[in-house]
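Below is one structure, written out as structure tokens, with a few remarks after it.
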Amino acid sequence: MVKSYNRRFIRIKEKLSSAILYLIMSVITLPIILMYLMLFLQSISEELIGLMPTRLTLNNWFFLSDGYIKVPGTEGTFYPNFYLVAFNTFMLALLVGFLEVIFSSLAGYSLSRYKFKGRTQLLALILVLHSFPGITLLIALFYILNVIGLYDTLLGVIIVKVALDLPLGIWIMKGFFDGVSWDMEMSALVDGCNRLQAWWKVVLPSVRNGLMAVLIFGFLSGWSEFIYILTFISTQRYWTLSMLVNALTSSEYFHISPGITAVAAVFYMIPVVMFFLFAQKYLLRIQIASKGTV
Amino acid sequence: MPTLGFRYNTSRRKSYLAAFLVPSLAVIFMFFLVPVLLTLLISLTKMRFSFRWEWVYLGNYVKMMHDRWTPKILSNTLLYVFSTLTLFNVGTGLLISIITNHINEKVGAAFRAIWLLPRITPSTVYALMWLWAIREEPSALFNWILTSLGFEPIKWLWYNPPINWLVIIAVNGFVGASFGMIIFTAALKSIPEDYIRAAKVDGASTWQVVRHVELPLMKWPIMFVTAYQTLSLLTSYEYILLVTDGGPGLYTTEVWALYSYHRAFSQYAGGGELGYGAALSTILVIIGLIMSVIYWKVFRLEELMVEPKIED
Chain A
13 MVKSYNRRFI RIKEKLSSAI LYLIMSVITL PIILMYLMLF LQSISEELIG LMPTRLTLNN
73 WFFLSDGYIK VPGTEGTFYP NFYLVAFNTF MLALLVGFLE VIFSSLAGYS LSRYKFKGRT
133 QLLALILVLH SFPGITLLIA LFYILNVIGL YDTLLGVIIV KVALDLPLGI WIMKGFFDGV
193 SWDMEMSALV DGCNRLQAWW KVVLPSVRNG LMAVLIFGFL SGWSEFIYIL TFISTQRYWT
253 LSMLVNALTS SEYFHISPGI TAVAAVFYMI PVVMFFLFAQ KYLLRIQIAS KGTV
Chain B
273 MPTLGFRYNT SRRKSYLAAF LVPSLAVIFM FFLVPVLLTL LISLTKMRFS FRWEWVYLGN
333 YVKMMHDRWT PKILSNTLLY VFSTLTLFNV GTGLLISIIT NHINEKVGAA FRAIWLLPRI
393 TPSTVYALMW LWAIREEPSA LFNWILTSLG FEPIKWLWYN PPINWLVIIA VNGFVGASFG
453 MIIFTAALKS IPEDYIRAAK VDGASTWQVV RHVELPLMKW PIMFVTAYQT LSLLTSYEYI
513 LLVTDGGPGL YTTEVWALYS YHRAFSQYAG GGELGYGAAL STILVIIGLI MSVIYWKVFR
573 LEELMVEPKI ED
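Those protein sequence lines, which keep their order, are chains A and B.
The numbering used here applies: residue 13 is where the first sequence begins, and numbers increase by one.
The numbering used here applies: residue 273 is where the second sequence begins, and numbers increase by one.
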């Protein structure tokens, strides 16, 4: 009797403690969920009282028909065309992603396969740079871009992003190449491929996951970039979505509806959400390899 | 290595090697290594946007020591790094990974996925959500919740240092927690199930399992996260720039890295001093270099640098 009573007591206690765990987890996660919900609701409502829309509407989305953000009470706009900005963002992200994949897979392969003088030192340098915070170099980078004439160009931003992300990319790719068996590659060489062909036809396909991880990392890193655009770009024509969303954040002074700002932000989130839903294993892999931004 | 049927001639192999490394090394040299040196050099000048090299040697560092804001910025930075690190990057990260490890696995994974979202959200969108959530009107998200629960609405961004810091720490912390969460979760998953089952059979409660089995095994991951995130927090200012821009008022939430940015690039008084900004940055660059080397030594990263398995 006593024993079964005890067991039931323990089971109740277990259930209770598990309920407490769910409760704590829900409470601390709630702010995140509510904020994303708020952003989305704002994009489809006229006005938002807390999380209650006064009226649901799709009006906020209509500016996407031509991408022109009109400032009420004036004939003009303060903002560049939305689609130009979106195109800039996309090109920047794509180029950063592809350049990082190409550069880091070449270098990662070389570091994984060849023994040469200075290899250890080079690996040490890349490891140290990989945990070094590149953002502290902003002023020097600003100087260099001005001197070589790449200030106020997206190319300048792209090169800077690639350079600062590369140590991480090289490190990830080297790890993947280390895992490819040398025998497989050797047989390709024996079959008459040269080094480059063996790399392209045999090695690269077996590190597809690494390539995807670096590509997605580079794309998202370029897609979200803010500080380097803010500092290295002065012409609105070269704005990316981060600059537009930042400008729209304070747009209420110009009576632009928060709904429009919300639409721009939701649009900006689309690729992020896609990767979040369909490519989480790559994102996790990168988060572990990277030092994390904050 | 067994003798292979043929050998490459060395010069041809070397040319491939060079070709493969050149693009990466060139950009890393030009836009990573040179800037490290340049930051140091610019910090010895009075450079402004004309980019003239007017040498003042250690003048900027002397100025830094007499800068009336230095003590304030320094204490802000320590407060920011320490609080965010303990409350969120380690504290919340640990809490999430332990809880999600003890509840239904799928639900736990979903919770962890949600926590990853702030990290991959563009900083400007993330800041926008916060700025809307903490607006002072009772209709704004957080005040709406507070008033529905019977509390007074809070003026989050009016001058009130404890509240302002709470905002800054939370904004950064909700991003920062996920790094620790991932590392800690990986560590927890690597604990053999037998350990936990054995403890449960002996009648240990969930809390006792956490306290006596899991936490002692987390010492190393906690050290790792602490070390890495200290440097990240020390040098990051993007979210502070976007949410309070160091305000409200004079330098209420200004941290060292942001101060450097403001002195160099602000359009207001005190801005445009690239030389002084670079001197402030140099301090961070030096701390960054030292800590990067320490990580490499302490966390035995050189074990990752094993010899290639291939021919010489």
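Using N, Cα and C, we set each Cβ at its ideal position, and we do this for glycine too.
Cα atoms of A:Phe75 and A:Ile81: separation of roughly 6 Å, rounded to the nearest angstrom.
Excluding five sequence positions before and after A:Leu106, the CB atoms of its chain that fall closer than 8 Å to its own CB belong to Phe231, Gly234, given in chain order. Nearest C-alpha to A:Met198 among A:Arg125, A:Val113, A:Leu42, A:Phe144: A:Arg125. Annotation: A:Thr165 to B:Ile555 spans about 29 Å, alpha carbon to alpha carbon. The contact set of B:Pro307 on chain A, defined by CB atoms closer than 7 Å, consists of Leu149, Ala152, Leu153, Ile156 in chain order. At least one CB of chain A lies nearer than 8 Å to the CB of B:Glu510.
In the DSSP annotation of this structure, the continuous segment of the alpha helix (DSSP H) that includes A:Ile170 starts and ends at 166 to 190.
Under the criterion of beta carbons closer than 8 Å, B:Val447 and B:Arg391 qualify as touching, at roughly 5 Å.
A residue is called buried when at least 16 other Cβ atoms come within 10 angstroms of its Cβ; B:Asn373 meets this threshold and is buried. In the three-state reduction of the DSSP assignment, B:Trp327 falls in the strand class.
In the three-state scheme derived from DSSP, where H, G and I count as helix and E and B as strand, B:Thr317 is classed as strand. Scanning its chain for C-beta atoms nearer than 7 Å, with the 5 sequence neighbours on each side dropped, one finds around A:Glu112 the residues Val174, Asp177, Leu178, Gly181, Val226, Gly230, in chain order. The C-beta separation of A:Ile241 from A:Met255 comes to about 6 Å, placing the pair in contact by the 8 Å criterion. Out of B:Phe301, B:Pro394, B:Phe321, B:Gly365, the CA that lies nearest to the CA of A:Pro283 is found in B:Pro394. Taking 8 Å as the cut-off, the beta carbon of B:Thr524 is found closer than this to the beta carbon of B:Asn436. Sequence-distant Cβ neighbours of A:Thr66 in its own chain, meaning closer than 6 Å and more than five residues away, are Glu58, Glu59. Annotation for B:Glu408: Lys427 place their beta carbon closer than 6 Å to its own, counting only its chain and skipping 5 residues before and after.
Taking a Cβ-Cβ cut-off of 9 Å, B:Phe354 has no neighbours in chain A, whose nearest Cβ is about 14 Å from it.
By the criterion of at least three beta-carbon pairs nearer than 8 Å, the region 327 to 334 of chain B is not in contact with the region 404 to 424 of chain B. Nearest in C-alpha terms to B:Val481, of all of B:Lys491, B:Arg469, B:Trp492, is B:Arg469.
A check of alpha carbon separations from A:Leu68 across A:Ile56, A:Ser77, A:Gly62 identifies A:Ile56 as the nearest. The Cβ atoms of B:Phe537 and A:Thr243 sit closer than 8 Å to each other. Secondary structure of A:Met64 (DSSP, three-state): strand. For A:Leu232, the enclosing alpha helix (DSSP H) begins and ends at 220 to 236. Listed along chain A, the residues sitting closer than 8 Å to B:Leu556 by beta-carbon distance are Pro145, Thr148.
Per DSSP, the unbroken alpha helix (DSSP H) holding A:Met255 starts and ends at 253 to 261. For A:Ser246, the three-state secondary structure derived from DSSP is coil. Contact between A:Gly62 and B:Leu389 does not hold, since the beta-carbon distance rounds to 21 Å and is not under 8 Å. Judged by beta-carbon spacing, A:Gly85 lies within the 8 Å limit of A:His267, meaning their Cβ atoms are closer than that value. It is roughly 32 Å from the alpha-carbon of B:Pro307 to the alpha-carbon of B:Val362. Near chain A, meaning a CB-to-CB distance below 8 Å, the residues of the region 458 to 470 of chain B are Ala458. Counting along the chain, the unbroken alpha helix (DSSP H) around A:Val284 starts and ends at 270 to 290.
Pairwise C-beta distances place the region 189 to 207 of chain A out of contact with the region 134 to 153 of chain A, as fewer than three of them are shorter than 8 Å. DSSP, read as helix, strand or coil, puts B:Ser322 in coil. At a cut-off of 8 Å between beta carbons, B:Gly549 contacts chain A. Note on geometry: alpha-carbon atoms of A:Val285 and A:Gln292 lie some 10 Å from one another.
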